[in-house]
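Data first, discussion second: the structure below is written as structure tokens.
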Ligand code: SAH
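Residue numbers (this note's numbering): 2 to 450.
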């Protein structure tokens, strides 16, 4: 087999990237935008020693799980993986992926609860759109997969419709006011990203502009245009300064130009203040289901709960009514400010929030003889530091550890480490926090043996 060959292929599996998997002479071929059950003529794009990559030349027989894509930015935009696949099938693919990761990488086989899926439309409460000029045209949308080319996306179906409307208004504002737009290669131009956040329950909206500079010309006009879309719900407009030559979207410094600089939502009955730099779960309704499961696994009643990687404190706060004490640890200072504010907002007096690295802070706790009864971890994709797992399993030795993860492979890797330290992965539940995309959220309950 070589580049540009056309080969007949039966698709026998589907990856989280939404690629079909076929086999030719024992070699695995990944076919873009295919799905299990398709029979296709594949156009081979690249052959490596252990696999090959292809695109569909022709579909000979479509899979029963294939559906008509209804987004004009798919697959170029790189956000969704599954728009050509029925949502029920997507859920099964994700569920199986989690199971396989836990088994193959983690060498654990917990009781796996059926995956939970909700709506596939408009579920996100946050969008960060890169802004760029491409071939003389203003583009606001998303980065194409594996690149920094901005693809226009006027109607992203994962976002609330009003975000798309606001993007169009922002385009007009830029063009009519001759505002310069960031050019990554030259590190010149002002506007890098526009970023919206919506509090689902209260409806409050925050708009944040990430700038390669410190001032926005015609600021008042910008606010008026945003108000014309969001009306009274616009509670906050913020400038974020990011003057570095970096891929990171947000800089460290923010300036509020309208409202309070934050919005307030309600999650699991708890009022939460959210600032531009704080992490907040992007899918509100699914987050509530996830947190409920976290409480079920943690059994926090009357216990001291350590909530590591706590963001604005939301998981711990959702258990503060029943727990004896909640201690949250998080590395971003603004998120810890929000967490402390949220504790006050809800009149919780049994919570403490500490700004610091999870692994180091846990070590300090141990040295100071602070021992939680239950530990919850919710790390970023790269998972937990091995030192942290050691501190938890060898020093704290809680009966239960609850691990919330947005990457099944690093979760599985960490479950294996816990297993070696006598913690059994007893149960796992999967939540489709990010329908149509390759991402999936998993929570596991680890018990001391
Ligand atoms: N549990 C929260 C946030 C989870 S996202 C929620 O459900 O909303 C992961 C969080 O880990 C982010 O807020 C991130 O800022 C934080 N984080 C990343 N690295 C960290 C580290 N080394 N120590 C502590 N927190 C960290």
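Heads up, the beta-carbon is just placed ideally off N, CA and C, and yes, glycines get one too.
Inter-residue Cα distance where the pair is residue 121 and residue 21: C-alpha separation (whole angstroms): 21 Å.
heavy atom of the ligand SAH below 7 Å from residue 315 C-beta: Answer for residue 315: yes, Cβ within range of the ligand SAH.
Inter-residue Cα distance where the pair is residue 83 and residue 277: 29 Å
Rounded Cβ spacing between residue 424 and residue 383 (contact assumed at less than 8 Å): That pair is no contact at about 20 Å.
Short Cβ contact (8 Å threshold) for residue 344 with residue 312: no
Minimum length 4: unbroken alpha helix (DSSP H) runs contained in the stretch 77 to 114: Secondary structure within the stretch 77 to 114: the alpha helix (DSSP H) runs of 4 or more consecutive residues, fully enclosed, are 88 to 105 (chain order).
Range covered by the beta strand (DSSP E) that runs through residue 397: Taken as a continuous stretch (DSSP letters only), residue 397 belongs to no beta strand (DSSP E), as it is neither H nor E.
Member of 152, 426, 393, 162 whose CA lies at the smallest distance from the CA of residue 368: 393
Where the alpha helix (DSSP H) through residue 388 begins and ends: 387 to 391
Residue closest to residue 59, alpha-carbon to alpha-carbon, out of 445, 34, 199: 34
Which residues DSSP lists as bridging residue 237, in chain order: Partner(s): 207, 260.
For residue 264, the nearest candidate out of 197, 213, 72, 284 (CA to CA): The candidate whose alpha carbon is nearest that of residue 264 is 197.
Chain-order list of residues whose beta-carbon lies under 6 Å from that of residue 231 (same chain, five-residue window excluded): Only 206 meet the Cβ criterion.
For residue 230: DSSP bridge partner residues: In the DSSP assignment, no residue is bridged to residue 230.
Segments assigned beta strand (DSSP E), at least 3 residues, entirely inside the stretch 281 to 310: 305 to 309
When 290, 169, 146 are compared against residue 155, the one with the closest alpha-carbon: 169 is the residue among 290, 169, 146 whose C-alpha sits nearest the C-alpha of residue 155.
Three-state class that DSSP yields for residue 181 in the structure shown: Assignment of residue 181 by DSSP, reduced to helix, strand and coil, places it in the coil class.
Residue from 340, 352, 334 whose Cα sits closest to the Cα of residue 325: 352
Strand pairing of residue 68, partner residues [DSSP]: Per DSSP, none; premise fails for residue 68.
Span of the beta strand (DSSP E) around residue 430: Where residue 430 is concerned, the enclosing beta strand (DSSP E) stretches over 424 to 432.
For residue 274, the residue or residues it bridges with in DSSP: 265
Where the alpha helix (DSSP H) through residue 414 begins and ends: According to the DSSP assignment, residue 414 belongs to the alpha helix (DSSP H) that extends over 409 to 421.
Straight-line Cα distance separating residue 422 from residue 38: 42 Å
Separation of residue 171 from residue 219, as counted between CA atoms: 12 Å
Near the ligand SAH: residue 358 beta-carbon under 7 Å from a heavy atom: Yes, the Cβ of residue 358 comes within 7 Å of a heavy atom of the ligand SAH.
Continuous alpha helix (DSSP H) stretch holding residue 131: start and end: Element bounds for residue 131: not the alpha helix (DSSP H) but the beta strand (DSSP E), 127 to 135.
Residues near residue 438 by beta carbon distance below 8 Å, same chain, minus five either side: 80, 81, 82, 83, 159
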